[in-house]
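For the protein sequence lines, the chains are A and B, in the order given. Take -15 as the starting number for the first sequence in the numbering used here and just add one per residue. Take 65 as the starting number for the second sequence in the numbering used here and just add one per residue. Here the structure is laid out as structure tokens; the discussion comes afterwards.
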Amino acid sequence: MVASPEVSTVERELISIVGAANVLCPAPDEYAIDDRRPLAVVFPGTIEEVAAVLHFAQARELAVVPMGSGHRLSFGNPPERVDILLSTRRLNRMLEYEPADLTASVEAGCRLEAFNREALPHRQWLPFDPPDADRATLGGIVATDDFGPLRHGYGRPRDYVIGVEVVRADGTRLRAGGRVVKNVTGYDLNKLFVGSFGTLGVLVRVNFKLRPYPEAEATAVLLGPEWERLETASQHILRSELLPAALLFSNAEATSTLLPDRPQKALLVRFLETPPAVAYQVDRLRALARSLSLDLVDFTNDASRSLWETVGRLRRRLPTDLLLRLSVLPAHTMAALRAGERALSPCLTSMYVLAQPGTGIVHIGGRLRAEEANGLARVMEALAHLRTAWESRRGHVILEQAPLAIKRNFDAWGDVGSSLPLMRALKQIFDPKRILSPGRFVAGL
Amino acid sequence: MMSWIAELKAILGDEDVIADPERLLAYECDGLSLHKHLPSAVIFPESAEEVARAVKVLARHRVPFLARGAGTGLSGGAVAVQGGVIFELARMNRILAIDYENQLAVVEPGVINLALTRAVAEAGYFYAPDPSSQMACTLGGNVAENAGGPHCLKYGMTGHHVLGLEVVLPDGTIVMLGGHGADAVGYDLLGLFIGSEGTFGIATKITVRLMRQPQAVKTLLADFLSVEDASRAVSAIIAAGILPSALEMMDRATIEAVEASVYAAGLPTDAAAVLIIEVDGLEASVVYEVERVVEICRAHGARQVVVARDEAERARLWAGRKGAFGALGRISPDLMVQDAVIPRSKLPEVLPEIYRIAARYGLRMANVFHAGDGNLHPNICFDGRDPEEVERVKAACREIMELCVRVGGALTGEHGIGLDKIAYMPLVFTEDDLEAMARVRAVFDPEGLCNPGKVLPVRRCRAF
């Protein structure tokens, strides 16, 4: 056992590394993760400073939680310990951007929105739209492999990372990958750090490949009173030659935020293409809507973009205590959506549902009716039921956000499968003293 | 105690374990003839269970082993550099499931790349990664190397299309990596395994993504009177925000070899370089983008830009492109198919330098490569029986590697490090980086028995 660290020594040491202006000690309340308040929040301004903080932390066995914008810190299990919250806010430079190569290298704290603002004049972008994309840092997006509806047409952040630099738990630096778009030089250690939720190292620099920014966009919203015909429409689209960038079911609660006068179930279809291909696809969708007697509303360019920005902010627009992700086989999307609705509607008010039939991702969120008698017990039962049902069908039930009372009794990730011993061994190699976000990831890693 | 050979025979049957040196000769090298080593034995397992049982025997006897698909690799990755046993997986060649609803297929590792696309073509689907050797190479080999191909430019490498693996670890246990169609939770071991060049274990089942065939495809041939012009056209197409599905360059030496072979595609033999450019997607987009590509090529000095009129013409162009290595292989006893990557904007600067390096060493060079993503294949024609020439080939390769790394590139884009490029690894990675890779490898293979002597400098691998 390590004796509880002397706050004043920690503060002194951190100040000697990053300067007094870049340490908050004691940490203000808003930096608490679940019920854990860190001893200090530190804002290093260089990679060397990150390394020095980790070197110190490991020597003292202080737990370090890396943080980007901080809006996804409650994603995962409650950390066992948080001594130092390491913010990448000051590590926010764009280091290299070569439009002719469609590649860029940024510090982890660089914000997605700021990056795309630089890239758009070159008609390029990083096609990511995770929740709260307007706040998210690229380091945070990569550490959580966070995604939104664009995953359907563009894939996940994982697919765009071509190199990383990481500071390891002992303060040494590790580089993986490189700056070219195609590279099999040595083992692909990038993959270890993407989506590892800050448990193997602190991402300080990420190299990306970019995509051309499409010349035109439009969104067709198909509306209907029940899921059946919307599902038929989505199946039709998935089996056709159409190339939507996003395909998203939204329940009436979610739709009412997007289209206040149309609180109905909807299928949102986003096209990002050349102008003639966008026009062609919207026409095809109109014909499809007619044949299925569904209403269609369409939005082009700015109106389309702003519709999807609202989708990304739903968690802020609608009261959210609980946010669940079901990930299932694509063909099971509607079944999972219905099962989730059924299981959780007794537990949630203003329950919103978003689901991607092309990738098998279902999000369900809302405010808990915890004030009711046995409210919490009922939620726990519903979650356990969903997990059992879907893990047996290759799916997962993941808590993206939940009150501590739930997270204490319900693992945020669920069953990892037969590869868990390998994951444990990797954690042991990169973080033998378990100082990096301990307990947050799968199986308490 | 039984010998390990006897134990393997007890598991697989006498005829599926070969140790006769004459027959082992066929396994002494892969597609890169520079590295030759005889294995002690070759076995032909037919199921994951047989693979696992054989691996357990070898682990117990501390005999090194490695998996081999079609042996078309180009980095010496499937060579038994320390002796030991080769698992020839050609018989594990069944397509186990095709699931159009989830757009995936489950295959055994010995399934040939093109066979999968053929199996799903009728239904309107395809498997995207298409290495030039796709008529022969296996999907298991593709997974080991994270194989690419011309269409990676738009569709990504093998790693972007594999959804799950069943793997026999080097101690004989079987694990599942990835979610096989749904997301997995935990570290991305699937992504880590793909491209580990057979050093983390043996994949015995592979779940891959199937893609819907595009509504339209157009293939263009643009010919140039200088390699520099062609390179600038490539950069301009990328910079214009067009993402062709393929953007390939062949230089004059390659064109001449192709036109003199069975792969003759009607390429202009007086051109300094040609570009094969393919655009696919929705008909409306393809028409629109083809116009712009033609314009850009003309603006950069293309003498002629021809659009393939039909599927037959298209197929002929691709046969010429994909047959280029075979055609080059005919004109000299040995062919060194090099592989390196540079930032694509550096093409006009690097390509002439590569020709100068070849000239300085008095070597015959032909370039045929994936220009769109900066993935070079400088090919050197030589005679392996001439030790002095072999030395010149090696020296030129080192200079090419150093050049590519200097401009911000990488040692290999799709062929892997294997045996051939281990010595260059310190050009790209620090001691600490290599140490981290060695420790990750030891997580999968603590005893150092699985395809030893590959990828990392030898002194980092455990001795046995």
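The beta-carbon is built from N, C-alpha and C at its ideal position, and this holds for glycine as well.
Go through its chain and collect everything with a Cβ distance to residue i's Cβ below 6 Å, but skip five positions before and after it.
i	result
residue 534/B	Residue 534/B lies beyond the residue range present for chain B, which begins at 65 and ends at 528; the question has no answer from this structure.
residue 317/A	339, 341, 344
residue 526/B	For residue 526/B, the predicted structure reports a pLDDT of 43, less than 50, and the residue's modelled location is therefore unreliable. A value from the coordinates is still provided. So the qualifying residues of the chain are 512.
residue -15/A	Caution applies to residue -15/A, whose pLDDT of 40 falls short of 50 and renders its modelled position unreliable; the model cannot decide the point.
residue 29/A	74
Check residue i in the structure and name its three-state DSSP category.
i	result
residue 451/B	helix
residue 217/B	helix
residue 526/B	Only weak support is given to the placement of residue 526/B: the predicted model assigns it a pLDDT of 43, under 50, and the value that follows is read from those uncertain coordinates. Three-state result, residue 526/B: coil.
residue 242/B	strand
residue 152/B	strand
residue 3/A	coil
residue 409/A	helix
residue 439/B	strand
residue 85/B	helix
residue 380/A	strand
residue 390/A	helix
residue 429/B	strand
residue 167/A	coil
residue 58/A	coil
Please go through the same chain and pick out, in chain order, the residues whose beta-carbon is closer than 7 Å to the beta-carbon of residue i, but skip the five residues on each side of it.
i	result
residue 364/A	390, 393, 394
residue -13/A	In this prediction, residue -13/A scores a pLDDT of 45, lower than 50, which makes its location untrustworthy; no coordinate-derived value is stated.
residue 508/B	233, 234, 264, 265
residue 302/B	408, 436
residue 419/A	41, 42, 45, 46, 47, 48, 153
residue 197/B	136
Does residue i have its Cβ less than 8 Å from a Cβ in chain B?
i	result
residue 264/A	yes
residue 323/A	no
residue 52/A	no
residue 172/A	yes
residue 382/A	yes
residue 143/A	yes
residue 101/A	no
residue 153/A	no
residue 201/A	no
residue 176/A	yes
residue 78/A	no
Let me see if you follow: with CB-CB separation under 8 Å, is residue i close to chain A or not?
i	result
residue 225/B	no
residue 341/B	no
residue 496/B	yes
residue 246/B	yes
residue 275/B	no
residue 299/B	yes
residue 279/B	yes
residue 260/B	yes
residue 250/B	yes
residue 194/B	no
Which chain B residues are close to residue i, counting only those with a beta carbon under 7 Å from its beta carbon?
i	result
residue 169/A	474, 475, 476, 481, 492
residue 295/A	Residues of chain B passing the Cβ test: none, with the nearest at roughly 20 Å.
residue 315/A	165, 166
For residue i, I'd like the list of residues in its chain whose CB is within less than 8 Å of its CB, leaving aside the five on either flank, ordered along the chain.
i	result
residue 15/A	8, 21, 22, 25, 54, 69
residue 498/B	489, 490, 520, 521, 524
residue 422/B	428, 429, 442, 444, 460
residue 304/B	356, 360
residue 289/A	201
Taking residue i as the query, report the chain A residues whose CB atoms sit under 8 Å from its CB, ordered along the chain.
i	result
residue 515/B	Neighbours of residue 515/B on chain A: none; closest Cβ ~13 Å, over 8 Å.
Strictly below 7 Å CB to CB, what residues from chain A border residue i?
i	result
residue 465/B	By Cβ distance, chain A contributes nothing, its closest Cβ being about 10 Å from residue 465/B, past 7 Å.
residue 66/B	Within 7 Å Cβ-Cβ: nothing; residue 66/B doesn't reach chain A, min ~30 Å.
For residue i, return the contacting residues in chain B, with the cut-off set at a CB-CB distance below 8 Å.
i	result
residue 312/A	246
residue 267/A	Near residue 267/A there are no residues of chain B at all, since even the closest Cβ is about 10 Å away, more than 8 Å.
Name, please, each residue of chain A whose Cβ falls closer than 9 Å to the Cβ of residue i.
i	result
residue 361/B	Those do not exist, as residue 361/B stays about 17 Å from chain A at its closest Cβ, beyond 9 Å.
Mind pulling the chain B residues with CB within less than 9 Å of residue i?
i	result
residue 413/A	500, 503, 504, 506, 507
| query | Can you list the beta strand (DSSP E) stretches of 3 or more residues lying completely in the stretch 90 to 161 of chain A, in chain order? | reply | Taking only runs of at least 3 residues, the beta strand (DSSP E) segments lying wholly in the stretch 90 to 161 of chain A are 145 to 151, 157 to 161.
| Segments of 3+ residues assigned as beta strand (DSSP E) that fall wholly inside the stretch 300 to 372 of chain B | 310 to 315, 337 to 345, 368 to 371
| query | Counting only runs that start and end within the stretch 244 to 274 of chain B, where is the beta strand (DSSP E) found for 3 or more residues in a row? | reply | 266 to 273
| query | Can you give, in chain order, each stretch of the alpha helix (DSSP H) that sits fully within the stretch 130 to 192 of chain B and has at least 4 residues? | reply | 177 to 185
| request: Write down every uninterrupted run of the beta strand (DSSP E) in the stretch 217 to 291 of chain A whose length is 3 residues or greater and which is fully enclosed by it, in chain order. | output: As for any beta strand (DSSP E) of minimum length 3 sitting wholly inside the stretch 217 to 291 of chain A, the runs are 230 to 234, 249 to 257, 279 to 284, ordered along the chain.
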